[in-house]
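Let me begin by presenting the structure, written as structure tokens, before commenting on it.
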Amino acid sequence: MPAIFMGRRIVVKFGGALITKKDEQSVAHLQVIRNLCSVIKAITEEGIQVIIVHGAGSFGHLKAKRWRLNEGYLPDFVLLDDDSSSQQEAVDDVRNDMLTLNAIVLSELKHVGLNALSHPPHEWASNLGPQFLGDLARFNSDDIDTIHVTFGDVVNVDDETQFGILSGDDIVARLSMELPNIESLVFAMGGVDGLLKVPPHLATDEDLIEMWSPEVSYEGLHQTDIDVTGGIGLKIQRGHLVAKSGVSVHLINGEYPERILNLVRNQPWKGTTILS
Ligand code: IPE
Numbered sequence: 004m005p006a007i008f009m010g011r012r013i014v015v016k017f018g019g020a021l022i023t024k025k026d027e028q029s030v031a032h033l034q035v036i037r038n039l040c041s042v043i044k045a046i047t048e049e050g051i052q053v054i055i056v057h058g059a060g061s062f063g064h065l066k067a068k069r070w071r072l073n074e075g076y077l078p079d080f081v082l083l084d085d086d087s088s089s090q091q092e093a094v095d096d097v098r099n100d101m102l103t104l105n106a107i108v109l110s111e112l113k114h115v116g117l118n119a120l121s122h123p124p125h126e127w128a129s130n131l132g133p134q135f136l137g138d139l140a141r142f143n144s145d146d147i148d149t150i151h152v153t154f155g156d157v158v159n160v161d162d163e164t165q166f167g168i169l170s171g172d173d174i175v176a177r178l179s180m181e182l183p184n185i186e187s188l189v190f191a192m193g194g195v196d197g198l199l200k201v202p203p204h205l206a207t208d209e210d211l212i213e214m215w216s217p218e219v220s221y222e223g224l225h226q227t228d229i230d231v232t233g234g235i236g237l238k239i240q241r242g243h244l245v246a247k248s249g250v251s252v253h254l255i256n257g258e259y260p261e262r263i264l265n266l267v268r269n270q271p272w273k274g275t276t277i278l279s
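Below, the structure is given as structure tokens:
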């Protein structure tokens, strides 16, 4: 039986809108990823093990939306003038695009001297939502320099829908609640300092919600035109589930990744805490 990990351990989600240009097919924000990875390195140097889950952004949502992959197999659905010629081909293409984005994250982790171990969900997970199937024991190791990495992906589904989109937000929730000794879950987001009381383009510093609980109302932009998963609403729902399990949950602007370092160092940081 593997030894139970006794040290400090956190889960960090790199949001797709943070690490990619959301409306330009398969373009990564390399500098943002690089900055995040050097902070991850600094966190491990504090003796904290980090598990990373990244989103898809423009490496996943655009094609998945065009091919309606979030609705599963649609026998009569055709799309002309696309570089994929069927839904099944689009499933393979999105999986490959996700592997490309994942390779960028892995290479930046290696660049800062960390050992990255990738777990592509289409290889080990099936079904959708927070009850997806898949053995999470693969993320368990007590080697602090090994960073386990996974991501939102197109996975197989056991019923007639055949496939669907498993969001990284569902994966982080399960990892945070089921792996031993997770102290925090951090959603690193793009373009916002946390949850806001008003739409992001109108927000000032006073509009940041520092502590969120279900009675607090917030404004979130959910780009349903390009987003095939749940946007901010899904993060809040899953985050709240995780907070209720006793893990601390935070939303932080990933363009300032040192805020994550400050959080784990118990120093002042800016962002939102999701209360149970
Ligand atoms: C979506 O995963 C996966 C695909 C569209 C293939 P997420 O829900 O974790 O992605 P982001 O963070 O919204 O981009």
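Under the working numbering, the first residue of the sequence shown is numbered 4, with each subsequent residue one higher. Glycine is no exception: its CB is placed at the ideal position from the N, C-alpha and C atoms.
| Asked | Found |
| --- | --- |
| Cβ neighbour criterion (16 or more within 10 Å) applied to ASP148 | exposed |
| Residue from THR275, LEU278, ARG268 whose Cα sits closest to the Cα of GLU49 | ARG268 |
| Where GLN90 falls, given that 16 or more other Cβ within 10 Å makes a residue buried | buried |
| beta-carbon SER170 near ligand 1 non-hydrogen atom, thresh 6 angstroms | yes |
| Sub-7 angstroms separation of VAL56 and SER179 beta-carbons | no |
| Assigned secondary structure, THR207 (DSSP; H/G/I helix, E/B strand, else coil) | coil |
| Distance cut-off 6 angstroms: VAL30 Cβ against heavy atoms of ligand 3 | Ligand 3 is absent from the structure shown, which contains only ligand 1. |
| Nearest-angstrom beta carbon gap, LEU169 and ASP156 [assumed within contact, 8 angstroms] | 6 angstroms |
| Those residues which DSSP pairs with HIS253 across a bridge | VAL189, THR276 |
| One or two residues paired with TRP199 in a DSSP bridge | The displayed chain sequence assigns Leu, not Trp, to residue 199. According to DSSP, which records beta bridges pairwise, LEU199 is partnered with LEU211, GLU222. |
| Test: PHE17 CB closer than 7 angstroms to a CB of chain C | Looking at the structure shown, chain C is missing, and only one protein chain is on hand. |
| Residue environment, ASN99, which counts as buried when at least 16 other CB atoms sit within 10 Å | exposed |
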